[in-house]
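Everything below concerns the one structure shown next.
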Amino acid sequence: MEARAPYDKLIFELSAPARFAHSLPALDVPSADPASLVPAEFVRATPPELPEVSEVDVIRHYSRLSLMNYGVDTHFYPLGSCTMKYNPKINEDMARLPGFLRLHPHTPASASQGALQLMWELGRDLAEISGMDHVSLQPAAGAQGEFAGVLMIRAYHLSRGERRHKVLIPDSAHGTNPATTALAGFSVVQLKSDEAGEVDLADLERHLDEDVAAFMITQPNTLGLFESRIHQITEMCHAKGVQVYMDGANFNAILGITRPGDLGFDVCHFNLHKTFTTPHGGGGPGAGPVGIKAHLAPFLPTPVVVKEDDGGFALDWARPQSIGKLQAFWGNFGMLVRAYTYIRTMGPDGLRAVSDNAVLNANYVLKRLEGDYDRATAGPCMHECVVSARRQKKLGVTATDIAKRLLDLGFYAPTTYFPLIVDEALMIEPTETESKETLDQFCDAMVQIAREAETDPHKIHEAPVTTPVRRLDQTLAARQPVLKWTRP
Amino acid sequence: MEARAPYDKLIFELSAPARFAHSLPALDVPSADPASLVPAEFVRATPPELPEVSEVDVIRHYSRLSLMNYGVDTHFYPLGSCTMKYNPKINEDMARLPGFLRLHPHTPASASQGALQLMWELGRDLAEISGMDHVSLQPAAGAQGEFAGVLMIRAYHLSRGERRHKVLIPDSAHGTNPATTALAGFSVVQLKSDEAGEVDLADLERHLDEDVAAFMITQPNTLGLFESRIHQITEMCHAKGVQVYMDGANFNAILGITRPGDLGFDVCHFNLHKTFTTPHGGGGPGAGPVGIKAHLAPFLPTPVVVKEDDGGFALDWARPQSIGKLQAFWGNFGMLVRAYTYIRTMGPDGLRAVSDNAVLNANYVLKRLEGDYDRATAGPCMHECVVSARRQKKLGVTATDIAKRLLDLGFYAPTTYFPLIVDEALMIEPTETESKETLDQFCDAMVQIAREAETDPHKIHEAPVTTPVRRLDQTLAARQPVLKWTRP
Amino acid sequence: MRYISNTPAQQKEMLARIGAASVEALLANVPAKARLSRPLNLPAAMAEGDLVRHLRGLAGKNAGADDFACFLGAGSYDHAIPSPINHLISRGEFFTAYTPYQPEASQGTLRTIFEYQTMMAELTGMDVANASIYDGASSLAEAVLMAHSVTGRAEIVWSRGVNPLYQQVVETYCEGPDLRLKMVRLGDGVTDLEALGKAVTERTAAVVVQYPNFYGCLEDLRAVGELAHGKGALLVVAADPVNLGFLTPPGALGADIVVGEGQGLGVPMSFGGPNLGVFAARADLVRRMPGRLVGATVDRDGKRGFVLTLQTREQHIRREKATSNICTNVALCALMATIYVSIMGKHGLRTVGELATAKAHYAAERFAAVPGVRLRYGAPFFKEFALTLPKAPDRVVKRLLKERILAGVPLKGFDRAEKSTLLVAVTERRTKDEIDAYAAALAAAVA
Amino acid sequence: MRYISNTPAQQKEMLARIGAASVEALLANVPAKARLSRPLNLPAAMAEGDLVRHLRGLAGKNAGADDFACFLGAGSYDHAIPSPINHLISRGEFFTAYTPYQPEASQGTLRTIFEYQTMMAELTGMDVANASIYDGASSLAEAVLMAHSVTGRAEIVWSRGVNPLYQQVVETYCEGPDLRLKMVRLGDGVTDLEALGKAVTERTAAVVVQYPNFYGCLEDLRAVGELAHGKGALLVVAADPVNLGFLTPPGALGADIVVGEGQGLGVPMSFGGPNLGVFAARADLVRRMPGRLVGATVDRDGKRGFVLTLQTREQHIRREKATSNICTNVALCALMATIYVSIMGKHGLRTVGELATAKAHYAAERFAAVPGVRLRYGAPFFKEFALTLPKAPDRVVKRLLKERILAGVPLKGFDRAEKSTLLVAVTERRTKDEIDAYAAALAAAVA
Ligand SMILES: Cc1ncc(COP(=O)(O)O)c(C=O)c1O
Ligand SMILES: Cc1ncc(COP(=O)(O)O)c(C=O)c1O
């Protein structure tokens, strides 16, 4: 088989002067020259260079562009740490109900009770799921949830007259953890992981002092391991007045199995776009609610959705110790509707089954690959597993190469080179929505690549050859940045 | 570039026992053993052999299957006689408004006034567009519109005490014309087309007699020609008491330019899925309203949507001379909503621009191809053009071969081998929604193929090579029909 | 205009290339006296936003099943439609393709039809099913014509238990070949077998029954089939496939042709259309079948592929000798059904049936307990039943509409003998609360 | 469970292969005392149909802009959303993909982002735009941090014409680096330039204004920019890009960074989120920019392709030294905007602006003609304006709600000085009828 020359247009390149796709109403108020309404200096002198295309151009162009993407709907997408599970279609229908979709954020509370109730219930449910006392739904994504959490910790210490400067973070942490911490004005102290891949208690002990505001860990961690000495960790921290933050990106592993609140965490964020099936949308939007223990409640972002004595719901702004706002409105409501729909669809047993199956699937993949790839850790994993292409690297085949070859074999690639502490890391998160058949196909492909690395590395180095473009020159892109289209 | 082995599963082949995708409510009425409600002999003994799959299986399977199709949204689709124009997305939104989509056909008229009004207005608008006196929206597609029309003609003659047996049809007609006519109990007499491709008036004259019930012609005809002597034709027919039927499949050529009613036609059907942008759906559903002159009104299918004196709308069943019903309910209402939306979107000037541009596009294609392919007719065409691959045939390249090669070049194929009176016919209908750029790309491809026929016919014979499968064995399929999946 | 891609400048360029001064010049073949000399008298073009407002207004005047508890049936049913269906059928590659004339570029459609054929054969218990007919009624008409062509006989024995609207459609189709329907009365809700036995003769092409019938009652297909086959007639059964995950399939009870309205399989009610005409038959009748058929085959490289097959039955090849005049069918509705059945799977349809019949029986009991109201017939029913009301059914319907209940279909319009009858359908979507509210409202309405 | 593919039998098979007796065995690392010993206390699973009913109930309690005439603005606007957008973004290949880490399998997303960057640069009049930030407010916060990092200064001069909710967000982000906002009062609806001149110093990192500002009025950006630049500060402008097809772009008036809420570009209001944070800047600042950037490059065969680039700015590479902590952004909203701008094209946005401003001025005139009502400010406005009411604005809002009018945003909660102020927005979607009905209802409400 031969492939057709793929589509290679940008929308600007379809433009023809005087073509258009819009349909705007006629002016129905007494017409006035806009120039008489708005002083001339405010009126754009030349029209922007935007495409002039018809509706059929638009539909065909973006339909064709979509065909250049792999998505969960079309491909297995084992991107570790991202929980690329199936996104239920009913979520989409519910988020598009006109009473939600077409609701303005400044609609009076009396006329938005349904939306407020949904938010209140979702906050309550996430609190139950996490064992936290309160949840703010406002953060727009995980990183903003982290930011809110760290700021609440900061405010808490300050409220007690303590100005602490450091936050401890394991070396296996996701990049947002240190970045957030720095953003919140703390200096980051990186802790080493122990041999097994967990927090090194001795190293922790060494670093815990009165200048430490928080210890931020991911549970299960980015190696897919549950931090088994978690109670010890939280106790050690609390003994030094250190707050413990849980990065909840991996919540898909522990639904109904264990709760951050019960483990001693003071703060924990959720990524609704991971655990709670809101779609990833090519990079977002997501939602990153943050849960806290009661002692942090005064610092919650404003406004807080509250249930009033009469059973009605309202936005409470009167929170003088609040850290303030994170985005202009109340949260990524459209995502909240999806997550709410999902939680109601699943119920408690369904959520528990999610984690059981996520863990089962990851361990199955790990088992099937361990003969051909080096495991990053011993023992069972939680919802994802990390293997190293160390062996393949010796044959000249890197994690990147393997990722590219997988694309040719019909799979999106695992996360590569993360966590940073594993050489040539391939981080594989199958999620519970995938079947054994799919996992087997994927593992067969991985094993095939391991064989090819031994017998035909050229084939891997040439990959991908079935995608609309082949390997791209990243260096050129960065050296001579071309960040927008210009008329040739 | 190399192509990936395409997906080759049927949904049955994804099945795993006890997997499921449904979500059904719990029984909320006092539970009774269904066996006690329904006698045992009526209860299915063994479950049907149906797939057991999860929702993610369903989404991924059908998403992947969709990728094996070309559609107007992704490809130029110049399938002649089918008017594969762009199907506006707003039509889809409107057809899905819950007040339309979730409306039961037996809802009392008092509670379905909006739906009835829409039908009444659409009938009125189609009557205006066609110059007919009444329109029935009931026929489910063009062929059923023809059937209704021919039956009304039959009833008309019978009501006048005449039992006529024959219907005249040109040899260029679409297959549904003779098939419908036979279905309605008439014998078909085929008329020859003249040199120019129009109705041969002498041949018509010869065949017109008192046993002829109707003359059924397509205007413009399937060669893309407007029957220029149409007034003469209708007059000749009427002089013999013969009714004249217009197959309106090609209405896209004449919107606002000319009207069947004004040309003397007694009956005319519309294909809403062609001219009026309801999507083709991989083969249907469509809608085939039929318009008639007043003398045929008593015979309209029941029920007729009427506007009552009080301004309300109703279904009128009291039509004793009616030909009866064509489908159980009132018409393909979902398609009617789309066509209504389209007509209101376009307005009179927009509809006229449709035909102007459809004609322009077809003539442009014809002009660009006439050097390399034989024209089927002289002079300008209307909304589509027919060329012959006669020249290429001499080089061993058939119309089918050309069609297959076009698939590789990124275009769906024209209609081939129709009309039957043109050797190696390629019937090309670009429609008004396509741009010059697209037409040029297509014509470039056609010209390239003409060159390849001379220099590299092998390449054409090998085509297609970029599609999920290559040329398929039709003979095998017909000789040993395998019409369903069976467990291997 | 946003749906027309060419700009005035391009139009000029194209005309120049063609060598025509204007589009008018291209219309030379349209004689002057044929030309419309004025613009069409239609409402002016509306902007998208205005149009949406207008259509929302029209839609808002209708009592849709989102806002009203729908107990209407008689051929269209408010079964649940799982969310994935609309998402999948809306993919442009399905939605905006046409009949798969070029199979290499249409494997998506062809494969879904092949799956559909398999599913319909399986549900009906027949050997083969086609790619669809317009709706249940026209499917039944095609079945009658096919029975005529197979047997060469012109008499159709017709049970009064068949949907009267279907009868009207079949009569329309019988006009051409001049077939005659011989009506057989019902006993207590089902076809009177004695009368049937008398009606079937050597001139009978087919016996036509509905299962469950129009009144919701379960016909004894085996007995009917024996009477038909005894005289060399075919047994033609109209059956709603959504019921056939629970009910014994007609194919297991002697049917030769099974047709049905497949709307219940995930197709929106949409005021009665488009629907889905299911058509299935015995294998030996396949070359007489109407409509499209998809078959498996192999490509040049030996790979599995699918094509339209046995096309010599069809109008585009056989013209006046075709088995039917159908061309455009309802492929997208068939796709909805295919996805629906995939989602329901092997066991889901049985549950749908169990829920519907349990709720229907509960409803029947509650409604018949209202003073003055009784069940019209005694035969076992499935998910639909007829009530005899002490007040005019259309008045009762009007009363219940105020309570946001679509109470049922008054049968007076179909049959004078049923002037006190209300036909009530109960799908799995109806809740106990709705049924109880109905019972209360009914009691008030007839009090 | 329909979202979990493995069957019990498969689970057993997999456990066998793993060599574990049960999933429990795989959870060995979770200490017993960490285990939740009871099921989660959540409502039981609901069937799809029941859930839809429940959520329709919740949605039905909200006054959405389909059923109410929406004159609310203050950061979210009821602009028309052309139909194709939802159809296209719903394609699974866009919807269910993530950040394009593997560019070869993500060219669809990468190309749309590249188009988006181009469009935003063009609309704002800036050199480069990033792939999106969460919303307008957090985008503004990132701009302030960037100005701080570019200038090394810690003082932000802030116009009171900026949305007060944005101020709250920026203050949150200023907490870490300890930046200070210095407030500058308004004159008659726009920033008081004299006060501004005094406020800007050599310690000023940025001057922040909104254009049009929170009260709808048009700031003199050129003058503000000169004051800022005179002291080496950056001019940061918050501007809604949907207005910038009509209004002179900030880039042409001296802005160094332009941010804005892009929701008006085809993103549903959805009770305030997700929104679209637009971020654009001068080319020389690009390596300090937050968020993702897509750049053009070539593949091995020399073919054009697109990749994420300049990633050394980002958290996954630079960790605590990154320009921002953002990871997940709002790519799908950016796609909506890209399609919206494609549809509006070169001239459509100007028309949107013309319609909105004409209708807003008509409305302002009608409303200000109501006795007791007057325009709060005298400066030229665009599509939004502030009214001073003779009665408490929230009471007026309540009254008009009964007429299905969402009358505006009372500003009391934002600023005590504005306790009689109602902020009214008028988009191109509002009709003369709605405006006239508003005027009549307002007259009644304040009478
Ligand atoms: C472990 C971990 N933490 C934090 C994040 C950041 O979350 P977000 O992308 O929602 O901001 C991610 C996202 O990939 C993650 O994997
Ligand atoms: C000229 C002509 N007549 C009639 C028909 C039949 O119409 P339908 O397919 O809607 O039944 C067609 C359909 O392709 C056609 O092209």
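Residue numbers (our numbering), protein chains in the order written: chain A, 313 to 800; chain B, 313 to 800; chain C, 30 to 476; chain D, 30 to 476.
Backbone N, C-alpha and C define an ideal beta-carbon position, used for all residues, glycine too.
Small disclaimer: the values here were computed from a predicted structure and weren't measured.
Residue state for LYS211/C is assigned as strand, using DSSP reduced to three classes. VAL238/D sits buried, since 16 or more C-beta atoms from the chains shown fall within 10 Å of its C-beta. Annotated three-state conformation of GLU364/B is coil, per DSSP. By the criterion of at least three beta-carbon pairs nearer than 8 Å, the region 596-604 of chain B is in contact with the region 443-455 of chain B. In the structure shown, ILE441/A adopts helical secondary structure according to DSSP, grouped into three states.
Put simply, the residues with a CB less than 6 Å from any heavy atom of ligand 2 are SER393/B, CYS394/B, ALA453/B, GLY454/B, ALA455/B, HIS486/B, THR488/B, THR530/B, THR534/B, ASP559/B, ALA561/B, ASN583/B, GLY598/B, GLY600/B, CYS356/C and THR357/C, in chain order.
Contact between VAL426/C and GLY437/C holds: CB atoms are separated by about 7 Å, below the 8 Å threshold.
Considering only VAL323/C, GLY306/C and GLU413/C, the residue with the shortest C-alpha distance to ALA387/C is GLU413/C. Close to ASP79/D, with beta-carbon spacing below 7 Å, are these residues of chain B in chain order: PRO337.
In this chain, the alpha helix (DSSP H) harbouring LEU84/D covers 77-89. For the region 550-627 of chain B, the full-length beta strand (DSSP E) segments reaching 3 residues or more read 555-559, 579-581, 602-604 and 616-619 along the chain. Cβ atoms of PHE324/A and PRO363/A come within 8 Å of each other, at about 5 Å. Listed as beta-bridge partners of ASP686/B by DSSP are SER700/B. If you compare the alpha carbons of ALA551/B, HIS543/B and LEU480/B with that of VAL524/B, the shortest gap goes to LEU480/B.
For SER667/B, there is no enclosing beta strand (DSSP E); the residue is part of the alpha helix (DSSP H) that begins and ends at 645-681.
DSSP links THR326/C through a beta bridge to GLY334/C.
The beta carbon of GLU746/A lies closer than 7 Å to those of PHE388 and ASN673 in the same chain, with the five residues before and after it left out. In this model, ALA715/B and ASP340/B are separated by some 57 Å (Cα to Cα). THR230/D sits in coil when the DSSP states are folded into three classes, being neither helix nor strand.
The DSSP-derived three-state label of THR147/D is helix.
Chain-order list of chain D residues neighbouring PHE332/B: ARG31, by C-beta distance under 7 Å. Taking ASP444/D as the centre and dropping the five residues before and after it, the same chain places the C-beta of PRO193 closer than 7 Å to its C-beta, in chain order. According to the DSSP secondary-structure assignment, TRP432/B is paired through a beta bridge with no residue. For chain D, the residues of the region 81-112 of chain C that bring a beta carbon within less than 8 Å of one of its beta carbons are ARG85, ASP95, ALA109, PRO111 and SER112, in chain order.
Taken in chain order, the members of the region 356-377 of chain B whose beta-carbon sits within less than 8 Å of a beta-carbon on chain A are SER366, GLU367, VAL368, ASP369, ILE371, ARG372, SER375 and ARG376.
Inter-segment contact for the region 522-537 of chain B and the region 554-561 of chain B is present: three or more beta-carbon pairs are separated by less than 8 Å. Within the region 359-380 of chain D, contact with chain C at the beta-carbon level (separation under 7 Å) is assigned to no residue.
Contact residues of the region 733-766 of chain A toward chain B are THR745, GLU746, SER747, LYS748, GLU749 and THR750 (C-beta to C-beta distance below 9 Å). Chain order gives the chain A residues near ALA166/D as LYS637, LEU638, GLN639, ALA640 and PHE641, where near means a beta carbon separation below 9 Å.
Residue pairing by DSSP puts PRO482/B in a beta bridge opposite LEU503/B.
Within the region 124-143 of chain D, PHE124, THR125, ALA126, TYR127, THR128, PRO129, TYR130, GLN131, PRO132, GLU133, ALA134, SER135, GLN136, GLY137, THR138, LEU139, ARG140, THR141, ILE142 and PHE143 place their CB atoms closer than 9 Å to a CB of chain A, listed in sequence order.
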